[in-house]
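Residue numbers (this note's numbering): 841 to 1287. Using N, Cα and C, we set each Cβ at its ideal position, and we do this for glycine too.
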Amino acid sequence: MTLKKQSILVAGGGSTFTPGIIMMLLDNLDTFPIRQIKFYDNDGDRQKQIADACEIILNERAPEIEFVATTDPATAFTDIDFVMAHIRVGKYAMREKDEKIPLKYGVIGQETCGPGGISYGMRSIGGVLELIDYMEEYSPDAWMLNYSNPAAIVAEATRKLRPNSRIINICDMPVGIEYRMADILGLKSRKDFVVRYYGLNHFGWWTDIRDHEGNDLMPKLKEWVHEHGYVTPEELADASEEEVEESWMHTYEKAKEVSWLDEDTLPNTYLKYYLYPQDEVAIANPDYTRANEVMDHREKQVFSECNQVVNYGSGAKTTLKADDHASYIVDLARALAYNTRERMLLIVPNNGSIVNFDPTAMVEIPCIITSNGPEPLVTGEIPRFQKGLMEQQVAVEKLVVEAWSEGSYQKLWQAITLSRTVPNARVAKQILDDLIEANASYWPELS
Ligand code: NAD
Ligand code: G6P
Ligand code: MN
841 MTLKKQSILV AGGGSTFTPG IIMMLLDNLD TFPIRQIKFY DNDGDRQKQI
891 ADACEIILNE RAPEIEFVAT TDPATAFTDI DFVMAHIRVG KYAMREKDEK
941 IPLKYGVIGQ ETCGPGGISY GMRSIGGVLE LIDYMEEYSP DAWMLNYSNP
991 AAIVAEATRK LRPNSRIINI CDMPVGIEYR MADILGLKSR KDFVVRYYGL
1041 NHFGWWTDIR DHEGNDLMPK LKEWVHEHGY VTPEELADAS EEEVEESWMH
1091 TYEKAKEVSW LDEDTLPNTY LKYYLYPQDE VAIANPDYTR ANEVMDHREK
1141 QVFSECNQVV NYGSGAKTTL KADDHASYIV DLARALAYNT RERMLLIVPN
1191 NGSIVNFDPT AMVEIPCIIT SNGPEPLVTG EIPRFQKGLM EQQVAVEKLV
1241 VEAWSEGSYQ KLWQAITLSR TVPNARVAKQ ILDDLIEANA SYWPELS
């Protein structure tokens, strides 16, 4: 059977993740054939550096694929099957403020969790809604695969404000942890097992992990994670070839302490911010946060590699490579395009899956993906500990979206106050007032 060739738009073409996605698409052309790739960004200069390199690589490896990079929405969104969206409204300069402002008050400064995530959410909502509106105008049958952060808040905003849009929100963190689980279990691939998982984005738990014969792999994994977190055996033996930044290594180690809270499940790494906030603040450097680390490392490295490809006029020697984690994006697009019925974790309306939880909450759960979209699986009842944590966090996320659409200062203050990362309402207000000043050109006016 010949597969229909797809037309892809990468929105946020200037993202540090764009080259990895292009390399990954090139590696998968046999099962996900492509006729056209377009890039769209609202910063033409930033995008051009990435686009010029990608164009050279595409010409060398798949000259039949048409390539266009543009800042014009009509050119970008016309004749598209999939929009792969990874924008960062306000770019790293604003991420740095999101992280540093809460830290001034002794509160977690993080891209997606706590006040930093709320701040980023207030910028992202408008940007992602604009992408949806362009897609609906120019390619109404397309799917948007969104991994622009903060995915939890963005997902709630699209559920509430664009309820009929063809957007699917996804995250790579469970996939990244499952790569580590496979290493810990000595398996070749995360596809050697099937998982059950529930939660919110960056806020969830694995409840069951089995190989294809149905053998329970949880006992062995739990034993390891309770002692070493998600640090792999190679890393523990200092024999790993892959270079992992120290801040991420700390996160994988910290999962150990997070896992002790519940004997029945295995946690997402991001729960450390909610369960041990003071520990994270204690090791943070308020003058040099993760945004600085990313600007000094990933951003510099990706842009200098792209500039080198352009200078050589060839990608033959480039170190740019397929982003392993990004393979789930192709899996999802392939499932939607060709009805593979692949099972994946997606961020979808609960709608009864977790029976004792708000049906309107956006939850991260396993779904079967068909050409008509995701069919979520039933989760059943969840325990009181997780339910309590999730209810508080869902309230934060919903209040942010209400604050954004109503322009409500009060609701945003409530949202920040309700975050487990914030000690009290007075500190919440101080952080909020600083964030309002820093985000003047990005947030709706609040009153
Ligand atoms: P980046 O700043 O390198 O790239 C983002 C690009 O988006 C920039 O080129 C910027 O100009 C562009 N942009 C900003 N606002 C825009 C708008 N309104 N319209 C069009 N383009 C716009 O950022 P990055 O570190 O590469 O990350 C990109 C996004 O992907 C972030 O939101 C990040 O959090 C997210 N991400 C999510 C996951 C996940 O698991 N969901 C994983 C990795 C990255
Ligand atoms: C994980 C998360 C993403 C997040 C990223 C941050 O992959 O799932 O949602 O964007 O980490 O990574 P960074 O390297 O930018 O700090
Ligand atoms: Mn994520």
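Residue closest to residue i, alpha-carbon to alpha-carbon, out of the options
i: Leu-1027; options: Asp-870, Ile-1049 and Arg-935; result: Ile-1049
i: Ser-979; options: Ala-997, Cys-953, Thr-915 and Ser-959; result: Thr-915
i: Val-908; options: Gln-887, Arg-928 and Met-984; result: Gln-887
i: Tyr-987; options: Gln-1118, Ala-1156, His-1068 and His-1165; result: His-1165
i: Glu-906; options: Pro-1107, Glu-951 and Ile-848; result: Ile-848
i: Tyr-1168; options: Thr-1129, Lys-1031 and Cys-953; result: Lys-1031
i: Glu-1277; options: His-926, Asp-912 and Ile-941; result: Ile-941
i: Met-1013; options: Asp-919, Ile-927, Asn-1108 and Glu-1063; result: Asn-1108
i: Ala-982; options: Arg-1036, Asp-919 and Gly-1039; result: Asp-919
i: Gln-934; options: Leu-1286, Ala-1280 and Tyr-1249; result: Strictly speaking, residue 934 in this sequence is Met, with Gln absent from that position. The shortest Cα separation from Met-934 among Leu-1286, Ala-1280 and Tyr-1249 belongs to Ala-1280.
i: Thr-1159; options: Ala-1173, Leu-1172, Val-1170 and Ser-1144; result: Ser-1144
i: Lys-937; options: Ile-1271, Glu-1285 and Ser-1287; result: Ile-1271
i: Ala-893; options: Ile-927, Ser-1154, Glu-1083 and Ser-1029; result: Ser-1154
i: Glu-1237; options: Met-864, Asp-885 and Ala-995; result: Ala-995
i: Ala-1095; options: Asp-1078, Ile-965, Glu-1063 and Gly-946; result: Glu-1063
i: His-1090; options: Glu-1120, Asp-921 and Thr-871; result: Glu-1120
i: Val-1188; options: Ala-1255, Ala-991 and Val-1098; result: Ala-991
i: Gln-1233; options: Gln-1250, Ser-1248 and Thr-1261; result: Thr-1261
i: Ala-1156; options: Glu-900, Thr-1129, Ala-851 and Thr-1257; result: Glu-900
i: Tyr-945; options: Ser-1287, Ile-1256 and Glu-1285; result: Ile-1256
i: Met-863; options: Cys-1146, Glu-951, Ser-964 and Asp-1056; result: Cys-1146
i: Lys-1112; options: Glu-1221, Ser-1087 and His-1052; result: Ser-1087
i: Glu-1083; options: His-1052, Ala-851, Arg-1138 and Gly-957; result: Arg-1138
i: Glu-904; options: Gly-852, Arg-875 and Leu-1286; result: Arg-875
i: Val-1241; options: Gly-884, Ile-958 and Glu-1103; result: Ile-958
Exposed unless 16 or more other CB atoms sit within 10 angstroms - verdict on residue i
i: Gly-961; result: buried
i: Glu-1204; result: buried
i: Leu-1076; result: exposed
i: Asn-989; result: buried
i: Met-841; result: exposed
i: Pro-1223; result: exposed
i: Thr-1200; result: exposed
i: Tyr-1152; result: exposed
i: Gln-1226; result: buried
i: Val-929; result: buried
i: Ile-1123; result: exposed
i: His-1042; result: buried
i: Trp-1100; result: exposed
i: Gly-949; result: buried
i: Asn-1196; result: exposed
i: Lys-1140; result: exposed
i: Glu-895; result: buried
i: Gly-1228; result: exposed
i: Pro-1059; result: exposed
i: Ser-1005; result: buried
i: Gln-1250; result: exposed
i: Ala-1268; result: buried
i: Lys-1161; result: exposed
i: Glu-951; result: buried
i: Thr-871; result: exposed
i: Asp-1051; result: exposed
i: Tyr-1128; result: exposed
Short Cβ contact (8 Å threshold) for residue i with residue j
i: Leu-843; j: Pro-873; result: yes
i: Thr-1072; j: Ile-1017; result: no
i: Pro-1126; j: Leu-943; result: yes
i: Lys-1010; j: Leu-1186; result: Residue identity check: residue 1010 is Ile in the sequence provided, not Lys. Yes, the Cβ-Cβ distance between Ile-1010 and Leu-1186 is below 8 Å.
i: Ala-997; j: Trp-1244; result: yes
i: Val-968; j: Ala-902; result: no
i: Leu-971; j: Met-1021; result: no
i: Leu-985; j: Leu-1172; result: yes
i: Leu-1001; j: Met-1230; result: no
i: Tyr-932; j: Met-1135; result: yes
Cβ separation of residue i and residue j, assumed to be a contact under 8 Å, to the nearest whole Å
i: Ala-1163; j: Gly-860; result: One detail in the question is off: residue 1163 reads as Asp in this sequence, not Ala. Confirmed, Cβ separation roughly 3 Å.
i: Ser-1259; j: Pro-955; result: 7 Å
i: Val-1206; j: Arg-1036; result: This sequence places Pro at residue 1206; Val is not what is there. With a Cβ gap of about 6 Å, Pro-1206 and Arg-1036 count as contacting.
i: Gly-1054; j: Glu-1093; result: With 8 Å as the limit, Gly-1054 and Glu-1093 do not qualify as a contact, their Cβ atoms being about 31 Å apart.
i: Asp-881; j: Thr-911; result: 6 Å
i: Thr-1219; j: Asn-1179; result: Not confirmed; about 24 Å, so no contact.
i: Asp-1198; j: Asn-1191; result: Asp-1198 to Asn-1191, Cβ: 10 Å. No contact.
i: Leu-865; j: Val-1170; result: 7 Å
i: Ala-1079; j: Glu-939; result: With a Cβ gap of about 33 Å, Ala-1079 and Glu-939 do not count as contacting.
i: Leu-1115; j: Val-1142; result: Going by Cβ atoms, the distance from Leu-1115 to Val-1142 rounds to 33 Å, so no, they are not a contact pair.
Check: residue i C-beta below 7 Å from any heavy atom of the ligand FMN
i: Thr-858; result: Questions concerning the ligand FMN fall outside what the structure shown contains, since the ligands it does hold are the ligand NAD, the ligand G6P and the ligand MN.
So which residues touch the region around the ligand MN, with touch meaning a C-beta under 6 Å from any heavy atom?
Ala-991, Cys-1011, Asp-1012, Met-1013 and His-1042
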